[in-house]
Every structure is written in C-alpha cells, then in structure tokens.
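This report refers to the structure that appears directly beneath it.
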Amino acid sequence: MKLQPRQQLLDVWEAAARVSFRDGQWVWGGRDGSNSLSDAEQLLCFTFPSTELSALRVDTPDETADDVLDALRTLGDSVEIPRLLLRVFREYLETYTGIDGAPIFAGGGYFRPAAGACPAAPPRGTPVR
C-alpha cells in the first residue's frame with residue numbers, strides 16, 4: 023500500500039467541503055449538531071492544513087495549487103475560497119462570543135450521560151475548561 027498523505031488530505035477536504043457548503047450556504051454542525059467545539063473542528067479541517075503546509079495554502083489566490091482548487095471547488099475559486107473562510111470565521115466568532123467579549127465554549131452534544139444513566143440537568147451549556 024502506497025501512502026499518499028497529500029492526496030488523502032485533499033480527499034478529506036473535498037468531502038468536508040461537500041458537507042459544509044450546500045446551496046451557497048455554510049452548514050454548521052457535526053454529528054451532534056452545532057456547538058462551539060464541533061464548529062471549531064469543522065473550521066480547523068480547512069484552516070489547519072492550509073496554514074501549516076505552504077503547498078496547501080489558500081490565502082494567496084495566484085499561488086493556490088490546482089489540486090487544492092479542485093478539492094475545494096465546492097467552496098468557490100481561488101478568490102472566493104479565502105473570502106468564504108474569512109466570512110465563516112467572522113460568523114463563528116460572532117456566534118461564540120458573549121456580550122462581555124468572552125469566548126463561549128460550551129460542549130453542546132459532546133456531553134452525554136453514561137449508558138443507562140439519566141442526567142440531572144441538561145449539561146449542554148456547560149463550559150469546557
């Protein structure tokens with residue numbers, strides 16, 4: 023078996039783009055719905071590789087590799103992709119910043135009772151520390 027990490031990452035990006043951007047709209051939420059943690063993970067799927075590996079950068083339209091553009095074509099072209107990601111980041115920050123300016127990191131659907139147990143109160147708003 024030949025390892026192809028770049029191609030595997032591009033395949034993940036392509037799948038994540040199809041799930042995250044439908045009908046011209048960003049679709050938040052993971053397997054347990056939208057919350058600050060799953061939404062951050064969703065953004066990191068796109069931004070971490072592109073900021074850590076210069077060959078996968080999307081922030082400089084003229085320098086974005088063709089295979090990167092092909093994998094992310096659902097999100098737009100070389101100019102639209104960074105604009106979309108910035109817009110989505112802004113939306114994330116607006117959604118998960120409290121009135122006092124503090125970040126909101128509640129776990130939402132990440133908190134579940136153990137099998138057979140009943141939670142005393144819904145913990146979905148419990149901050150993750």
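Numbering (my numbering), first residue to last: 23 to 151. Ideal Cβ positions, reconstructed from N, Cα and C, are used throughout, including at glycine. If you're wondering where the values come from, they're calculated on a predicted model, not measured in any experiment.
Checklist entry - Taking DSSP as the reference, what is the three-state secondary structure of glutamine 26? => result Stepping through the sequence shown from its first residue, residue 26 is reached at position 4. Glutamine 26: coil per DSSP, three-state reduction.
Checklist entry - Which one of Leu31, Trp48, Ser58, Leu32 has the shortest CA to CA distance from threonine 119? => result For the purposes of this step, residue 119 is taken as the residue at position 97 of the sequence shown. Nearest to threonine 119 by C-alpha distance, out of Leu31, Trp48, Ser58, Leu32, is Ser58.
Next on the checklist: For a quick check, are the C-beta atoms of threonine 96 and arginine 53 less than 8 Å apart?
Outcome noted: Within the sequence shown, numbered from 1, the residue matching residue 96 stands at position 74. Within the sequence shown, numbered from 1, the residue matching residue 53 stands at position 31. For threonine 96 and arginine 53, no; Cβs fall outside 8 Å.
Item to check | Test item: CB-CB of valine 90 and leucine 32 under 8 Å | outcome: Taking the first residue of the sequence shown as 1, we reach residue 90 at position 68. Taking the first residue of the sequence shown as 1, we reach residue 32 at position 10. If you check the CB distance, valine 90 and leucine 32 come in under 8 Å.
Next on the checklist: Does phenylalanine 70 pass the burial test, meaning 16 or more other C-beta atoms within 10 Å, or should it be called exposed?
Outcome noted: Residue 70 sits at position 48 when you count from the first residue of the sequence shown. For phenylalanine 70, the number of other beta carbons within 10 angstroms of its own is below 16, and it is reported as exposed.
Item to check | Start-to-end residues for the alpha helix (DSSP H) that takes in isoleucine 103 | outcome: The residue you call residue 103 lines up with position 81 of the sequence shown. 102–117 is the span of the alpha helix (DSSP H), which, as asked, contains isoleucine 103.
Item to check | Per DSSP, the bridge partner or partners of arginine 44 | outcome: Against the sequence shown, residue 44 aligns to sequence position 22. Arginine 44 pairs with Gln47.
Checklist entry - Do you know whose CA, among Leu75, Ala93, Thr73, Asp99, lies nearest aspartate 84's CA? => result On the sequence shown, position 62 is the one that residue 84 refers to. When each option's Cα is compared against that of aspartate 84, the closest is Asp99.
Next on the checklist: Considering only the alpha carbon of each residue, which of Gln29, Asp122, Ser56 lies closest to glutamate 113?
Outcome noted: In the sequence shown, the residue the question calls residue 113 occupies position 91. Of the residues Gln29, Asp122, Ser56, the one whose Cα lies closest to the Cα of glutamate 113 is Ser56.
Item to check | Inter-residue Cα distance where the pair is glutamine 29 and alanine 93 | outcome: Counting from one through the sequence shown, the residue named residue 29 turns up at place 7. Counting from one through the sequence shown, the residue named residue 93 turns up at place 71. Each residue's Cα considered, the two are about 9 Å apart.
Checklist entry - Which whole-angstrom value is the C-beta distance of serine 72 and leucine 78, which I expect to be below 8 Å? => result In the sequence shown, counting from the first residue as 1, residue 72 sits at position 50. In the sequence shown, counting from the first residue as 1, residue 78 sits at position 56. Yes, they are in contact, since the Cβ atoms of serine 72 and leucine 78 sit about 5 Å apart, within 8 Å.
Checklist entry - Per DSSP, glycine 52 is paired with what? => result Start at 1 with the first residue of the sequence shown, and residue 52 comes out as number 30. Paired residue(s): Gly55.
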